[in-house]
Amino acid sequence: TGALEAPADTGEQPAADEGELIVEDSAEGDIVEDPVEDPIEDPVEDPQPKPKPKPQGDKPKPAPKPTIDPVATLKDARKQTMGGNPKQGYNLAKDAYDAGGGSDAATVMVIAACKMGSASKAKSAYKKVSAKDKPSLQKICSPLGIELE
1163 TGALEAPADT GEQPAADEGE LIVEDSAEGD IVEDPVEDPI EDPVEDPQPK PKPKPQGDKP
1223 KPAPKPTIDP VATLKDARKQ TMGGNPKQGY NLAKDAYDAG GGSDAATVMV IAACKMGSAS
1283 KAKSAYKKVS AKDKPSLQKI CSPLGIELE
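With the sequence shown counted from 1, adding 1162 to any position gets you my numbering.
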């Protein structure tokens, strides 16, 4: 019965192969202890070096915002604000303001912010409104619990 038999399973993990050092005899009988280098661990140099990234200053440029029509956007903002969606109305009015919508856009921002119950947004937008519109905005926001001044 010269067949190889598997060792009995003891439930233990087999020991990890730690890569024994293979000792070879040279032709003269001397012992050679230089391990053979593993070609897999040798770093491969790129035949063509990659270009170095160019410095772009402190911050990368933000993606350009799509240009919007402030008049049309402000019209949509008014519809959303009066139609029961003040959050969307505020966002549209802010976009219109950022695109050059001026005091009219800021006025819609104030009304939408008051309807949302956001005193901080209302007060911030209120600073951008023309003086002639401020009294009417105070009358709109005060019953909603927001004092603008």
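Every residue, glycine too, gets a C-beta built ideally from N, C-alpha and C.
If contacts are defined as beta-carbon pairs under 8 Å, then residue i and residue j qualify, I think. What distance do you get, rounded to the angstrom?
i, j, result
"residue 1232", "residue 1262", "5 Å"
"residue 1248", "residue 1277", "4 Å"
Please report the straight-line C-alpha distance between residue i and residue j, rounded to a whole angstrom.
i, j, result
"residue 1234", "residue 1311", "30 Å"
"residue 1280", "residue 1303", "10 Å"
"residue 1301", "residue 1229", "34 Å"
"residue 1264", "residue 1236", "10 Å"
"residue 1308", "residue 1288", "12 Å"
"residue 1245", "residue 1286", "23 Å"
"residue 1282", "residue 1255", "16 Å"
"residue 1260", "residue 1305", "28 Å"
"residue 1253", "residue 1295", "20 Å"
In or out: residue i buried (at least 16 other Cβ within 10 Å) or exposed?
i, result
"residue 1284", "buried"
"residue 1293", "exposed"
"residue 1266", "buried"
Measuring CB to CB, does residue i end up less than 8 Å from residue j?
i, j, result
"residue 1272", "residue 1243", "no"
"residue 1258", "residue 1239", "yes"
"residue 1241", "residue 1268", "no"
Original post:
Can you list the alpha helix (DSSP H) stretches of 4 or more residues lying completely in the region 1240-1264, in chain order?
Top reply: The qualifying runs are 1248-1258.
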